[in-house]
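Just below is one structure, and these are the notes that go with it.
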Amino acid sequence: MGLWTLLEGCLLLANALAILNEDRFLAPRGWSFQEYSGVRRNSFKGQLLGLIYATQYLRVLLILLNTLCIVVKFVSG
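The sequence shown lines up with residues -18 to -1, 1 to 59 when you count with mature numbering (1 follows the signal peptide of the UniProt record, and there is no 0).
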């Protein structure tokens, strides 16, 4: 397992977090961002929710990184 494989795995994880929809997936399970404000944000669940929302804000960067990954795969074979 090389560094490239590890970076691809991190990119796949970021993609998985970015596509989670709050209305259809997170809110029915009690994971909406409004419920975890203030002191509760420091809990593990609050930190995980913050990570999910951060990846959703960085979707344009994820699109660029995915495109770069595809181009590198095409060039390297």
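No residue lacks a Cβ here, since even glycine has one placed at the ideal position from N, Cα and C.
Since the structure is predicted, the reported quantities are computational estimates derived from the model, not experimental observations.
{"Query": "Inter-residue spacing [alpha-carbon to alpha-carbon] between G12 and D5", "Result": "11 Å"}
{"Query": "Buried or exposed (CB count within 10 angstroms, at least 16 for buried), L(-13)", "Result": "exposed"}
{"Query": "The alpha helix (DSSP H) enclosing A9, as first and last residue numbers", "Result": "Here A9 belongs to no alpha helix (DSSP H), and DSSP marks it neither H nor E."}
{"Query": "C-alpha gap between T37 and L(-16), whole angstroms", "Result": "22 Å"}
{"Query": "S58 - containing alpha helix (DSSP H), residue span", "Result": "R41 to S58"}
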